[in-house]
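Novice: Here the protein sequences line up with chains A and B, keeping their order. Counting in this note's numbering, the first sequence runs from 914 upward without gaps. Counting in this note's numbering, the second sequence runs from 914 upward without gaps. Note that beta-carbon positions come from the ideal geometry of N, C-alpha and C, so glycine has one too.
2 protein chains.
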Amino acid sequence: MTQQTSQPDVTAALLIIGNEILSGRTKDANLPFLAEKLNGIGVRLREARVVPDIEAEIIDAVNALRARYDYVFTTGGIGPTHDDITSECIAKAFGVPLERHPEAVRRLQEHYQTDQINEARLRMANVPAGGILVDNPISKAPGYQIGNVFVLAGVPMIMQGMVDNLLPRLKGGAPMLSRTVSCALAEGTLAEGLEAVQNRYPAIEIGSYPYLRQRQYGVSLVLRGTVETLLDEATDAVAALVRDLGGEPEVTVGTT
Amino acid sequence: MTQQTSQPDVTAALLIIGNEILSGRTKDANLPFLAEKLNGIGVRLREARVVPDIEAEIIDAVNALRARYDYVFTTGGIGPTHDDITSECIAKAFGVPLERHPEAVRRLQEHYQTDQINEARLRMANVPAGGILVDNPISKAPGYQIGNVFVLAGVPMIMQGMVDNLLPRLKGGAPMLSRTVSCALAEGTLAEGLEAVQNRYPAIEIGSYPYLRQRQYGVSLVLRGTVETLLDEATDAVAALVRDLGGEPEVTVGTT
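The following block contains the structure:
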């Protein structure tokens, strides 16, 4: 059996800010995007929170998460309207003033015609003191990094552009790899054998996710880890278990 | 102007349990479903958290949320496999033993053939002492309520059936109503006037959500509240603002 080493995880949390998510109106699409990008550079998304547009809630969540994880990403609340209060909250969370960032102002002035620039739009250039801009390739108004917190837009296309731009700043570990063994067996049939495989491979995380497809129950047995040889050994063990129980394992390779 | 009364909100939180959400593999669909159902009975979803399948994380989150909100809903981790640890965690969070619930056992025995019943499946009948079952109309293994916490399945079809079954147990307030004023104006153009409307109607929550559709920017101005006359007054004010700025407001009625 391959040597099972465990390295300290580099961890991250996502703070989703916005009443529109909690009301059920808008379905968050940023978590899966961020998670997959982080997997690729060996950073593990370990927690996510969704909070409303309420100052105290945002400040408390930012401070709880930044103390606990290597990186924190926030999405939402950095636009020009009254309900966009994220930057004020981040400044208060860090105990620093909120300042108009000259380079951010310059980018907005370049993007908007002179008669379009107003106080509301200039609010998007407010950055907590010490913040380092994150480029916005879509609508120009930048996000920023302060300490280990990255403050990003909520609109997925803009958020995604910002994430692509900030990724080189992150220091990750070994990329997360995954294997999925799908079969038409029931979870309850597999459970005992699967636990035995999990116990043999503590460095591999094994999850069991049932699905119902065309009135047929099935299960995706997902193995995640950073050491490929070990992951493949454990995957072979799960596939063998499925065959022993009369199933037909179908193995796919991924990163989630 | 209609009298603006504010009544104490009935609040809820959602705790999404599962590595598969944080890895980006599975996109949560339960939050929007729950939020909309709660809106309809006057309960506000005020926070959501996603935590991994780690005992201490689940216990801490359950205890933080149940102390703070009127209702807490958990999804995920109540199946038969080794990674399903929610019920053990809920029992520890409440400081009560985890017991095999006779009625839950009966339902599983009715659902499965005798040779299919095994220890893994019977784990799904483990309920923290004092728990009250929540019917599962799909795959029979029940969820349960303990105190103000409702423990539900993660598979959306099963979760949804459970929510429909538990709703009559909840005591809500006035249902949340919403109006959406869409137009092709930019947020930055609307911001000042929109804030003025918000200040005139503090009991109405006004959110501004930009979108990019067929290369055309637009914005959905969403008004939420429980008093319909007030909501309609504020909506008229926002629509008038849009027209004043040269836009064409399109008003739709909703609950999110």
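For Val-1140 of chain A, does the three-state DSSP call read helix, strand or coil?
Specialist: coil
Novice: Taking 6 Å as the limit between beta carbons, can you name the residues of its chain near Pro-1088 of chain A, skipping five residues before and five after?
Specialist: Gly-953 and Gly-955
Novice: First and last residue of the beta strand (DSSP E) that includes Ala-961 of chain A?
Specialist: 956 to 964
Novice: What does a CB cutoff of less than 7 Å around Gly-989 of chain B pick up in its chain, not counting 5 residues either side in sequence?
Specialist: Within the same chain, Ile-929, Ile-930, Gly-931, Thr-999 and Gly-1067 come within 7 Å of Gly-989 of chain B by CB-CB distance, once the 5 residues on both sides are set aside.
Novice: Do the stretch 1083 to 1101 of chain B and the stretch 1124 to 1144 of chain B meet, that is, are 3 or more Cβ pairs less than 8 Å apart?
Specialist: They touch, by the three-pair rule.
Novice: Of the residues B:Tyr-1025, B:Leu-1011 and B:Pro-1069, which one's Cα is nearest the Cα of Arg-1126 of chain A?
Specialist: Residue B:Pro-1069 is the option with its Cα nearest to Arg-1126 of chain A.
Novice: Do Ala-1152 of chain B and Pro-1162 of chain B count as a contact pair if the criterion is CB distance below 8 Å?
Specialist: yes
Novice: Run down chain A in chain order and give the residues with a C-beta less than 9 Å from the C-beta of Asn-1031 of chain B.
Specialist: Gly-1101, Thr-1102, Ala-1104 and Glu-1105
Novice: Please report the Cβ distance between Val-1132 of chain B and Leu-1103 of chain B, rounded to the nearest whole angstrom; I am assuming they are in contact, meaning their Cβ atoms lie under 8 Å.
Specialist: Contact check for Val-1132 of chain B and Leu-1103 of chain B: beta-carbon distance about 7 Å, within the 8 Å limit, so the pair qualifies.
Novice: In terms of residue numbering, what span does the alpha helix (DSSP H) encompassing Ile-998 of chain A cover?
Specialist: Segment: none, Ile-998 of chain A is in no alpha helix (DSSP H) and carries neither H nor E.
Novice: Please determine, among B:Ser-1095, B:Arg-1113, B:His-1014 and B:Ala-974, the residue with the shortest C-alpha to C-alpha distance to Pro-1123 of chain B.
Specialist: By alpha-carbon distance to Pro-1123 of chain B, the top candidate from B:Ser-1095, B:Arg-1113, B:His-1014 and B:Ala-974 is B:Ser-1095.
Novice: Could you round the C-beta distance between Val-1064 of chain A and Ile-991 of chain A to whole angstroms and report it? I think they count as a contact, below 8 Å.
Specialist: With a beta-carbon spacing of about 6 Å, Val-1064 of chain A and Ile-991 of chain A fall inside the 8 Å limit used to define contacts.
Novice: Please identify the residue among A:Gly-1044, A:Glu-1016 and A:Arg-957 whose C-alpha is closest to the C-alpha of Glu-1118 of chain A.
Specialist: Nearest of A:Gly-1044, A:Glu-1016 and A:Arg-957 to Glu-1118 of chain A, Cα basis: A:Arg-957.
Novice: For Leu-1083 of chain B, tell me which candidate among B:Lys-950, B:Ala-969, B:Ala-1038 and B:Ala-1116 has the shortest Cα-Cα distance.
Specialist: B:Lys-950
Novice: Starting from the beta carbon of Lys-1053 of chain B, find every residue of chain D whose beta carbon is closer than 9 Å, and list them in chain order.
Specialist: Here chain D cannot be found, since the structure's protein chains are A and B.
Novice: Can you tell which of A:Ile-1059, A:Thr-994, A:Glu-1023 and A:Lys-1053 has its C-alpha closest to the C-alpha of Leu-1011 of chain A?
Specialist: A:Ile-1059
Novice: Please compile the residues from chain B whose C-beta is within a distance smaller than 7 Å of the C-beta of Pro-1123 of chain A.
Specialist: Gly-992 and Val-1068
Novice: CB Pro-910 of chain A to CB Lys-940 of chain B, shorter than 8 Å?
Specialist: For chain A, the structure presents residues 914 to 1169; residue 910 of chain A sits outside this window and is missing.
Novice: Tell me which residues share the same chain as Ala-1042 of chain B and place their Cβ nearer than 6 Å to its Cβ, disregarding the 5 neighbours each side in the sequence.
Specialist: The answer, listed in chain order, is Val-1009, Pro-1010 and Glu-1012.
Novice: In its own chain, which residues sit with a C-beta less than 6 Å from the C-beta of Met-914 of chain B, not counting the 5 before and 5 after it?
Specialist: Interpretation of Met-914 of chain B is limited by its pLDDT of 49, a score under 50 that renders its predicted location unreliable; the figure taken from the coordinates is listed afterwards. Within the same chain, Met-914 of chain B has no close Cβ partners at all.
Novice: Glu-907 of chain A by DSSP, collapsed to three states: which one?
Specialist: Lying before the first or after the last residue shown, residue 907 of chain A is absent from chain A, which here runs from 914 to 1169.
Novice: Can you tell me whether DSSP reads Gly-1131 of chain A as helix, strand or coil?
Specialist: Secondary structure at Gly-1131 of chain A: strand, using DSSP grouped into helix, strand and coil.
Novice: I want to verify the contact list: residues of chain B whose CB lies under 7 Å from the CB of Ser-936 of chain A, in sequence order.
Specialist: Ala-948, Asn-952, Arg-1137 and Thr-1169
Novice: How would you call Glu-1016 of chain A, buried or exposed, if buried means at least 16 neighbouring beta carbons within 10 angstroms?
Specialist: exposed
Novice: Enumerate in chain order the residues of its own chain whose CB-to-CB distance from Ala-1033 of chain B is below 8 Å, with the five nearest sequence positions on each side excluded.
Specialist: Pro-993 and Thr-994
Novice: If contacts are defined as beta-carbon pairs under 8 Å, then Leu-1079 of chain B and Val-1047 of chain B qualify, I think. What distance do you get, rounded to the angstrom?
Specialist: 5 Å
Novice: For Val-1040 of chain A, tell me which candidate among A:Ala-925, A:Gln-1029, A:Val-1018 and A:Ala-961 has the shortest Cα-Cα distance.
Specialist: Closest option to Val-1040 of chain A, Cα to Cα, is A:Val-1018.
Novice: Answer with yes or no whether the minimum CB distance from Asp-1048 of chain A to chain B is below 8 Å.
Specialist: no
Novice: Taking only beta-carbon atoms, is Asn-1078 of chain A less than 8 Å away from chain B?
Specialist: no
Novice: Between which two residues does the alpha helix (DSSP H) containing Arg-938 of chain A stretch?
Specialist: Run containing Arg-938 of chain A: none; DSSP gives neither H nor E here.
Novice: Report the residue from B:Ser-936, B:Thr-987 and B:Ala-980 whose alpha carbon sits nearest the alpha carbon of Arg-962 of chain B.
Specialist: B:Thr-987
Novice: Within 10 angstroms of its Cβ, does Val-1110 of chain A collect 16 or more other Cβ (buried), or is it exposed?
Specialist: Counting Cβ neighbours within 10 Å, Val-1110 of chain A comes out buried, since at least 16 surround it.
Novice: Looking only at its chain, what residues have a beta carbon closer than 7 Å to the beta carbon of Ile-1071 of chain B, apart from the 5 residues adjacent to it on each side?
Specialist: Hits under 7 Å: Asn-1049, Ile-1051 and Ser-1052.
Novice: When the Cα atoms are used, what is the spatial distance from Arg-1128 of chain A to Ala-1097 of chain A?
Specialist: 11 Å
Novice: Can you find the residues in the same chain that come closer than 7 Å, C-beta to C-beta, to Ala-1038 of chain B, ignoring five residues on each side of it along the sequence?
Specialist: Arg-1013, His-1014, Ala-1017, Val-1018 and Leu-1021
Novice: To the nearest angstrom, report how far apart Glu-1105 of chain B and Pro-1055 of chain B are at their CA atoms.
Specialist: Taking the straight line joining both Cα atoms gives about 51 Å.
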